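S.K.: What the sequence shown shows, in our numbering, is residues 26 to 166, in sequence order. This structure is in structure tokens; I'll ask about it shortly.
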Amino acid sequence: DWTYVTDPHHASDNRWLHRPRMDWAAAARRDQAGTVEARIHADLVALIDARRAAPQLHAATPLEVIDIGDPAVLAFRRDHRAGELLSVSNVSDLATVVPAAVLPVSASGWVRDLLDESRHPADAPVALPARGVRWLVPDGS
């Protein structure tokens with residue numbers, strides 16, 4: 026939003042280029058069932074809740090980038106006293122799999138995706154959709 030240069034309070038700070046004026050009418054639609062805004066808002070709330078429930082993602086937890094054998098997948102592992110977390114992000118338009126060999130060790134034999142609550146056998150590859158993201162942890166249930 027190049028109009029920031031016309032505001033004397035913002036003109037000298039080009040960060041305002043990426044801070045357009047808030048569309049309050051669109052924001053109000055987040056509470057109207059069936060709107061795009063409501064769906065995006067619900068997805069963001071779910072993501073925030075999943076992040077809040079994952080102490081492994083705390084900045085003080087060491088991060089290890091791992092190669093899962095697919096150049097289109099960014100993967101990292103974080104080991105925490107609450108358990109390991111494997112984050113996998115597929116940046117391609119093609120589905121792929123996460124090899125079982127890199128999944129978190131799980132006494133129950135299952136891993137759980139914190140983002141969609143799906144459960145997967147810990148000894149089998151996990152499907153990763155095109156443009157998909159999974160936060161996999163050992164499932165204690």
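Heads up, the beta-carbon is just placed ideally off N, CA and C, and yes, glycines get one too. If you're wondering where the values come from, they're calculated on a predicted model, not measured in any experiment.
Starting from the C-beta of residue 42, find all residues in its chain whose C-beta is less than 8 Å away, skip the five residues before and the five after it, and write them out in chain order.
M.R.: Taken in chain order, the residues that qualify are 26, 27 and 29.
S.K.: Output needed for residue 108: all residues of its chain with C-beta closer than 6 Å, excluding positions within five of it in sequence on either side, in chain order.
M.R.: Taken in chain order, the residues that qualify are 162 and 163.
S.K.: Which runs of the beta strand (DSSP E), 3 residues or longer, sit entirely within the segment 57 to 129?
M.R.: Fully enclosed beta strand (DSSP E) runs of 3 or longer: 88 to 91, 98 to 103, 110 to 115 and 121 to 123.
S.K.: Give me the Cα-Cα distance between residue 130 and residue 53, rounded to the nearest whole angstrom.
M.R.: In a straight line, the C-alpha of residue 130 is about 44 Å away from that of residue 53.
S.K.: Candidates 112, 132, 86 and 133: which alpha carbon is nearest residue 153's?
M.R.: Among 112, 132, 86 and 133, the Cα nearest to that of residue 153 belongs to 112.
S.K.: In the DSSP assignment, what residue or residues form a beta bridge with residue 138?
M.R.: Residue 138 is bridged to 161.
S.K.: For residue 119, count neighbouring C-beta atoms within 10 Å of its own C-beta (all shown protein chains included) and say buried if the count is 16 or more, exposed if not.
M.R.: Residue 119 should be labelled exposed.
S.K.: Would you call the CB atoms of residue 100 and residue 91 closer than 7 Å?
M.R.: Taking 7 Å as the Cβ cut-off, residue 100 and residue 91 qualify as a contacting pair.
S.K.: So for residue 46, helix, strand or coil by DSSP?
M.R.: Residue 46: coil per DSSP, three-state reduction.
S.K.: Please determine, among 137, 85, 77 and 56, the residue with the shortest C-alpha to C-alpha distance to residue 105.
M.R.: Answer by Cα proximity: 85.
S.K.: Cα separation between residue 69 and residue 115?
M.R.: Going from the Cα of residue 69 to the Cα of residue 115 covers about 19 Å.
S.K.: Buried or exposed, going by whether 16 or more other CB atoms sit within 10 Å of the CB of residue 141?
M.R.: Under this definition residue 141 is an exposed residue.
S.K.: Specify the secondary structure class of residue 51 as computed by DSSP and reduced to three states.
M.R.: Helix.
S.K.: With DSSP collapsed to three states, give me the class of residue 156.
M.R.: Residue 156 falls in the coil class under three-state DSSP.
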